[in-house]
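Peer 1: Okay, here's the structure, questions in a sec.
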Amino acid sequence: MKISSSIFSLISIFILLLISSATSSDFDDFIRCLPQQSNSSLPITDAILTPNNSTFQSIYQLRANNLRTFLSATSRPVAIITALHPSHAQAAVICAKRHDFQLRIRSGGHDFEGLSYTSDVPFVILDMFNLNSIDIDMSTETAWVQAGATTGELYYRIAEKSNVHGFPSGVCTTLGIGGHFSGGGYGFLMRKYGVSIDNVIDAQLIDANGRILNRKSMGEDVFWAIRGGGTTSFGIILSWRIKLVRVPPRVTVFTVQRTLEQGATELAYRWQQVAPKLPKDLFIRLQPEPINNGGNNKTVRVSFIGHFLGQADGLLRLMNVSFPELGLTRNDCLEMSWVESTLYWANFPNGTSIDVLLDRVQENRVFSKSKSDYYKALIPKQGLETLWQGLMDIEDIFVQMNPYGGRMEEISDSETAFAHRAGNLFMVLYGIQWSESDGGINATERYVEMSRRLYDAMAPYASSNPREAFLNYRDLDIGSNESDETDFEDAQEYGAKYFRNNFIRLANAKATIDPENFFKNEQSIPPLPH
């Protein structure tokens, strides 16, 4: 029997109205559920934002840092819970699970693919930004840091207590600690002290039943998993307990720049041989970028950005022996306190007050697409020239090459879920950024295609079988699932790239703590099938 198009349209509209009505009813039940499950003296009603609230849109976009994912999203959250107390986060879990809403958890909003604030199914954002306390105990050299605190706030609060302590985490100062640590977290102390999660000794995690668990009550398998495996597959991180690390009262930083015409290719090739083998106290990032050399003459300028846990005289002696080709001079070196060096790495002008570390929101949001690679062998000069040409073709791109070695070689790849350890010479971030003036959202396809073309061009030189990737630099191109499904075979594809041989153990930990797979996203870890 044939159905006329007009009748078919009416049936379709009726079905949509039924779905909308059901969703609306579920939403009302969800909102009513929240105060019933929260026992704080701070009313959860003050933390609930719906599209009817005048501040809903501004809060939603305030920490949606990638305009590419934010503006291309096909749906908005039905609500945002701006938790003011841990019980608000617990209530969000219980009520979202009871009324069939997906929960997306956002701390700083720096997820490269926007998975902390977008979904294709009805969802609620649990925004942890207000839970940002930092409690430092200098007698034990430890601190409890809530998920909503930023890396900048952490550096600032440590410096308030001590000028000889620091912590190994990100260069960007507006990263939310909750997500940053859970994917590994790294910065210029990586070769000395490992990644962030190598210095985490306890945590508070909300599970799918709304319980707050610590290291002992969650068990060692889950505690292992959330250190590098991404907490959003397992629960909601409330806070981390970290072990502070020792730094000298004065450190030295430098930036030396060379263009291709000044021998940058030879220096970059030599950097690959030297940087992973330097003493742990010295970290030198290589950062090539395309520049215009006048007229239509494009070239690449390579920056060698260094951080030394010591004073300039000691650094110069070391460089004269280990990397004399760079030609580092005393004039290139700046001595400063460790906390001041975090500003240097974040590209603040020299002399900027450390108060800027308390600025919690990223100001200049752009459209971006990023990818990552691990390199286990030297890129030959021909490969470097391929990279240079790719940069000049794209123009709106930055590349960061971060050396391994040191402490990163000493920690087993199964010590935590973060598996990228010995055998890597360096890790690379390829970041393409564009603005409204470059075409905005309409230019997305062109820029994403350029990023893939460069990634493909570097394939002969990068790690392989699998081609490894860094979870903090999330990239849906390497494999993904639908918003509300987690196919195990698809998860194995991206899981092997992010976690190597640790994926099955992660899936087993997931089955322990979240067997019903409540916590999910497009690249989450599914429970290990029975």
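According to the numbering used here, the sequence shown holds residues 1148 to 1677 in order. The beta-carbon is built from N, C-alpha and C at its ideal position, and this holds for glycine as well. Keep in mind the model is a prediction, meaning the values are calculated, not measured.
#1: Determine the direct distance from the alpha carbon of Ser1254 to that of Tyr1340, and round the result to whole angstroms.
#2: Reducing DSSP to helix, strand and coil, say where Tyr1577 ends up.
#3: Three Cβ pairs or more, each shorter than 8 Å: is that satisfied between the segment 1648-1665 and the segment 1358-1370?
#4: Put Asn1439 into one of helix, strand or coil per three-state DSSP.
#5: Could you check what DSSP says for Leu1504 in three-state terms: helix, strand or coil?
#6: From which residue to which residue does the alpha helix (DSSP H) around Leu1653 run?
#7: Quick check: the Cα distance between Glu1436 and Tyr1303, rounded to an integer number of angstroms?
#8: Going along the chain, which residues of its own chain have a beta-carbon closer than 6 Å to the beta-carbon of Ile1544, five neighbours each way excluded?
#9: Alpha carbons only, please: which of Lys1528, Asp1282, Val1503, His1232 is nearest the one belonging to Leu1391?
#10: Run the CB neighbour count on Ser1222, radius 10 Å, all protein chains shown included, and call it buried at 16 or more, exposed below.
#11: Would DSSP call Leu1391 helix, strand or coil?
#12: If you reduce the DSSP assignment to three classes, tell me which class Ala1524 lands in.
#13: Under DSSP, the beta strand (DSSP E) around Leu1273 begins and ends at which residues?
#14: Going along the chain, which residues of its own chain have a beta-carbon closer than 6 Å to the beta-carbon of Ile1160, five neighbours each way excluded?
#15: Under 8 Å: do the segment 1352-1359 and the segment 1393-1403 share three or more Cβ pairs, one atom per stretch?
#16: On the three-pair Cβ rule with 8 Å, is the segment 1459-1466 touching the segment 1406-1417?
#17: In terms of alpha-carbon separation, which member of Pro1527, Lys1516, Thr1399, Phe1666 lies closest to Gly1587?
#18: Roughly how many whole angstroms lie between the Cα atoms of Ala1169 and His1567?
#19: Using DSSP with H/G/I as helix, E/B as strand and the rest coil, what is Leu1473?
#20: Report the option in Val1513, Asn1648, Glu1542 whose CA atom is closest to the CA atom of Phe1259.
#21: With a threshold of 7 Å on Cβ separation, who are the neighbours of Glu1542 within its own chain once the five nearest residues in sequence on each side are excluded?
#22: Where does the unbroken alpha helix (DSSP H) through Met1597 begin, and where does it stop?
#23: Excluding the 5 residues flanking Ile1123 on each side, which residues of the same chain have their C-beta closer than 8 Å to its C-beta?
#24: Please specify which runs of the alpha helix (DSSP H), each continuous and at least 4 residues long, are wholly inside the segment 1235-1311, giving them in chain order.
#25: Looking at Val1318 and Phe1335, is the spacing between their C-beta atoms short of 8 Å?
#26: Tell me whether Val1225 is buried or exposed, calling it buried when 16 or more other Cβ atoms sit within 10 Å of its Cβ.
#27: Could you give the C-beta distance for Phe1617 and Gly1375, rounded to a whole number, given that I count them as a contact under 8 Å?
#28: With 16 other CB atoms within 10 Å as the buried threshold, where does Pro1676 fall?
Peer 2: Let me spell this out:
#1: 24 Å
#2: Under the three-state reduction of DSSP output, Tyr1577 falls in the strand class.
#3: With a cut-off of 8 Å on Cβ pairs, the segment 1648-1665 is in contact with the segment 1358-1370, counting three or more such pairs.
#4: In the structure shown, Asn1439 falls within a strand segment according to DSSP collapsed to helix, strand and coil.
#5: Residue state for Leu1504 is assigned as helix, using DSSP reduced to three classes.
#6: 1650-1660
#7: 30 Å
#8: Counting only Cβ-Cβ distances below 6 Å, and skipping sequence neighbours, we find Leu1538, Ile1579.
#9: Asp1282
#10: exposed
#11: coil
#12: coil
#13: 1270-1274
#14: For Ile1160, the predicted model reports a pLDDT of 47, less than 50, meaning its position is unreliable and no value from the coordinates is stated.
#15: no
#16: Contact check between the segment 1459-1466 and the segment 1406-1417: fewer than three CB pairs, one atom from each, fall below 8 Å, which does not count as touching.
#17: Lys1516
#18: Unreliable positioning characterises Ala1169 in this predicted model, as indicated by a pLDDT of 44, which lies under 50. A coordinate reading is not provided.
#19: helix
#20: The shortest C-alpha separation from Phe1259 is found at Val1513.
#21: Pro1437
#22: 1591-1604
#23: As shown, the chain starts at 1148 and ends at 1677. That puts residue 1123 outside it, with no answer to give.
#24: 1298-1308
#25: yes
#26: Around the C-beta of Val1225, 16 or more other C-beta atoms lie within 10 Å, and the residue is accordingly described as buried.
#27: Contact flag wrong, Cβ pair sits at about 10 Å.
#28: exposed
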